[in-house]
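Asks: Numbering (my numbering), first residue to last: 10 to 378.
Backbone N, C-alpha and C define an ideal beta-carbon position, used for all residues, glycine too.
No experiment lies behind these values; they were computed from the predicted model shown.
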Amino acid sequence: MTHGSSLTPVRFEALAGWAEDNHAAALEAFRTGCGARSDAAPASGVEALRIQADLCARALRVAENDGDAARRFFEDHFLPLRVDAPGFVTGYFEPEIAGARTRSSRFQVPLYAAPTDLVRLDETSRPQVLDPALQFARRTKDGLVEHPDRAAIEAGALKDRGLEIVWVEDPIDAFFIHIQGSARIRLQDGSLMRIAYAAKSGHPYTPIGRLLIERGAIARDDMSMERLRDWLRDNPDEARALMQANRSYIFFREVAIADPSAGPIGAAGVSLTAARSIAIDPAFYAYGTPIFVTADLPEDTTGTGQPFRHLMIAQDTGSAIKGPARGDLYLGSGEAAGLRAGRIRHAAEFVRLVPRGSRLAREAERERK
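#1: Taking buried to mean at least 16 other C-beta atoms within 10 Å of its own C-beta, is Glu-22 buried or exposed?
#2: Quick one: what's got a C-beta closer than 6 Å to Pro-157's C-beta in the same chain, skipping five residues either side?
#3: Which ranges does the beta strand (DSSP E) cover as unbroken runs of at least 3 residues, wholly within the stretch 90-125, from first to last along the chain?
#4: Can you give me the C-alpha to C-alpha distance between Glu-374 and Pro-18, rounded to a whole angstrom?
#5: Sorted by chain position, which residues of the same chain lie with C-beta nearer than 6 Å to Arg-129's C-beta, five sequence neighbours on each side aside?
#6: I'd like to know whether the C-beta atoms of Gly-347 and Phe-102 end up nearer to each other than 8 Å.
#7: Count the other CB atoms within 10 Å of the CB of Gln-61; is the residue buried (16 or more) or exposed (fewer)?
#8: One question on the structure: do Arg-67 and Val-360 come within less than 8 Å of each other, judged by their Cβ atoms?
#9: Do Ile-287 and Ile-322 have their C-beta atoms within less than 8 Å of each other?
#10: What does a CB cutoff of less than 6 Å around His-187 pick up in its chain, not counting 5 residues either side in sequence?
#11: When the distance is taken between beta carbons, is Ile-289 closer than 8 Å to Thr-326?
#12: Is the distance from the Cβ of Ala-345 to the Cβ of Ala-304 below 8 Å?
#13: I need the straight-line Cα distance from Asp-85 to Glu-235, nearest angstrom please.
#14: On the premise that Gln-189 lies in contact with Ala-109, defined as a C-beta separation below 8 Å, what is that separation, rounded to the nearest angstrom?
#15: Find the nearest neighbour of Leu-221 within the set Asp-239, Arg-81, Val-154 and Leu-172, judged by alpha-carbon distance.
#16: How would you label Lys-209, buried or exposed, when you count the other beta carbons within 10 angstroms and need 16 or more for buried?
#17: Going by DSSP, what residue range makes up the alpha helix (DSSP H) through Asp-239?
#18: Under DSSP, the beta strand (DSSP E) around Leu-201 begins and ends at which residues?
#19: Taking C-alpha atoms, which residue in Ala-292, Gly-272, Leu-139 and Arg-193 lies nearest to Phe-261?
#20: Three-state secondary structure (DSSP) at Gly-42?
#21: Is the distance from the Cβ of Gly-76 to the Cβ of Arg-318 below 8 Å?
#22: Considering only the beta carbon of each residue, do Gly-100 and Gln-324 sit closer than 8 Å?
#23: To which residues of the same chain is Ala-183 closer than 7 Å at the C-beta, ignoring the five residues directly before and after it?
#24: What are the residues that DSSP puts in a beta bridge with Ile-274?
#25: Taking Gln-315 as part of the beta strand (DSSP E), name the residues at either end of that continuous run.
#26: How far does the alpha helix (DSSP H) with Arg-195 in it extend, from its first residue to its last?
#27: What does the Cβ neighbour count give for Leu-251, buried or exposed, with the cut at 16 atoms within 10 Å?
#28: On the three-state DSSP scale, how would you describe Asp-158?
#29: What does DSSP give as the partner residues of Glu-358 in its beta bridges?
#30: Which one or two residues does DSSP pair with Arg-147 in a beta bridge?
#31: Could you say which of Ile-330, Ala-265 and Ala-123 lies nearest to Pro-216 if we only look at CA atoms?
#32: Which of the three DSSP states, helix, strand or coil, is assigned to Asp-337?
#33: CB Ala-248 to CB Leu-237, shorter than 8 Å?
#34: Report the rounded CA-to-CA distance for Val-175 versus Pro-245, giving the unit in angstroms.
#35: Per DSSP, which residues does Glu-263 bridge with? Please list them.
#36: Kindly indicate the opening and closing residues of the alpha helix (DSSP H) around Ile-287.
Next comes the structure, spelled out in structure tokens:
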């Protein structure tokens with residue numbers, strides 16, 4: 010893992026909106042992240058793991074809902090470093106739609122579990138005949154081959170293998186569940202089922218909104234998740250081909266819902282917190298890293314920009330999240346969260362909080378001197 014860009018030390022008191030933020034909420038999300046699976050974190054080295062364990066122990070000793078104590082925790086134990094690269098944020102959410110565990114005349118669109126012959130690739134295991142961009146492959150008796158993509162799977166490549174974990178009504182809803190990576194499904198008996206990302210076909214992710222912008226179908230300034238969904242519904246003859254232009258296909262797993270109010274499980278292996286969890290590029294950030302995000306984001310249906318000054322915790326990732334100044338803000342579950350998330354495509358500033366005494370902090374302090 011590398012910081013990959015210029016980092017400039019700043020003072021907490023110089024961060025606009027820092028003093029007014031809800032530090033107790035940020036600390037609660039940070040503490041949730043302390044339960045992350047060790048195998049979910051990028052290779053950080055022994056020192057980084059020791060520092061993180063010490064920070065978690067200290068965080069657990071801070072009184073709950075004490076904003077002043079939470080603020081002191083972050084200011085005492087972290088050094089703020091501004092990411093000098095121009096930042097950009099989008100929003101994402103957990104969809105909630107109707108579905109069923111068995112196929113019916115109403116529910117015809119399957120969401121699949123990962124096939125047992127799906128294999129993650131790396132530089133040592135990828136055959137030379139496969140595209141270097143492929144992240145997964147299919148194991149066969151003749152070796153590893155490219156896995157069927159979205160078009161092939163929708164044409165029946167996985168049919169009758171018993172991989173369907175739930176059926177939904179609308180292929181457009183299913184497509185957006187793939188983009189978000191998780192969903193809550195309202196079953197016919199009134200119960201809730203939660204599904205989360207398990208794996209993917211391995212093909213590169215292609216944002217279909219960008220394709221529509223390039224074709225002149227939607228102006229760049231008008232593009233949003235809501236506008237994209239409307240275009241797909243208004244153009245049914247072209248919608249399927251456009252969605253299949255994104256060859257990446259997502260596989261899911263069912264996750265038990267112990268607490269219906271808790272968010273979905275992110276890549277770090279912990280529940281996400283609305284407006285506090287951020288998806289990052291794990292090549293640049295360890296899971297659990299606090300990041301102070303500054304932007305002007307739409308808050309309501311008018312799309313009027315409002316100051317967003319939140320301390321976020323890196324707890325997830327996504328195919329489109331690349332680079333040290335790119336983030337995806339988790340905004341909650343359901344329709345209202347989806348409407349807000351879909352409108353966010355905005356410039357932002359990132360201030361990375363690094364533990365005092367860490368290698369990055371020592372390097373920054375030397376450069377400042």
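Replies: From the atom records:
#1: With fewer than 16 Cβ atoms within 10 Å of its Cβ, Glu-22 is classed as exposed.
#2: Contacts found: Ala-166.
#3: Counting whole runs of 3 or more residues, the stretch 90-125 contains the beta strand (DSSP E) stretches 96-103, 105-109 and 118-121.
#4: C-alpha separation (whole angstroms): 8 Å.
#5: Non-local C-beta neighbours of Arg-129 in its own chain, meaning closer than 6 Å and more than five positions away in sequence, comprise Phe-145, ordered along the chain.
#6: In contact: Gly-347 and Phe-102 (Cβ atoms closer than 8 Å).
#7: Buried, because 16 or more other Cβ atoms sit within 10 Å of the Cβ of Gln-61.
#8: The Cβ atoms of Arg-67 and Val-360 do not sit closer than 8 Å to each other.
#9: Against a cut-off of 8 Å, the Cβ pair of Ile-322 and Ile-287 comes out as a contact.
#10: These residues qualify, in order along the chain: Ile-259.
#11: Their beta carbons are under 8 Å apart, which means Thr-326 touches Ile-289 by this criterion.
#12: It is not a contact, given that the beta carbons lie outside the stated cut-off.
#13: Going from the Cα of Asp-85 to the Cα of Glu-235 covers about 42 Å.
#14: That belief does not hold up - the Cβ atoms of Ala-109 and Gln-189 are roughly 20 Å apart, past 8 Å.
#15: Of Asp-239, Arg-81, Val-154 and Leu-172, the residue nearest in Cα terms is Asp-239.
#16: Buried.
#17: Unbroken alpha helix (DSSP H) run through Asp-239: 234-243.
#18: Counted as a single uninterrupted DSSP element, the beta strand (DSSP E) harbouring Leu-201 occupies residues 201-209.
#19: Arg-193 is the residue among Ala-292, Gly-272, Leu-139 and Arg-193 whose C-alpha sits nearest the C-alpha of Phe-261.
#20: Helix at Gly-42.
#21: No; because the gap between Cβ atoms is not below 8 Å, this pair is not in contact.
#22: At the C-beta level, Gly-100 and Gln-324 stay beyond 8 Å of one another.
#23: Once the five neighbours on either side are set aside, the close Cβ partners of Ala-183 are Val-118, Leu-120 and Val-177.
#24: Residue pairing by DSSP puts Ile-274 in a beta bridge opposite Ser-280.
#25: Per DSSP, Gln-315 belongs to the beta strand (DSSP E) from 314-325.
#26: No alpha helix (DSSP H) holds Arg-195; the beta strand (DSSP E) holding it covers 191-195.
#27: Of the residues assessed, Leu-251 falls on the buried side of the cut-off, its CB having 16 or more other CB atoms within 10 angstroms.
#28: When DSSP states are grouped into helix, strand and coil, Asp-158 belongs to the coil group.
#29: In the DSSP assignment, the residues bridged to Glu-358 are Thr-303.
#30: The partner list for Arg-147 (beta bridge, DSSP) reads Leu-127 and Val-154.
#31: Taking each of Ile-330, Ala-265 and Ala-123 in turn and checking the Cα distance to Pro-216, the smallest one comes out for Ile-330.
#32: Correct three-state label for Asp-337: strand.
#33: In this structure, Ala-248 lies away from Leu-237, with their beta-carbon atoms at least 8 Å apart.
#34: Spanning the alpha carbons of Val-175 and Pro-245 requires a straight line of approximately 24 Å.
#35: When DSSP reads this structure, Glu-263 sits in a beta bridge with Ile-204.
#36: Element bounds for Ile-287: not the alpha helix (DSSP H) but the beta strand (DSSP E), 286-288.
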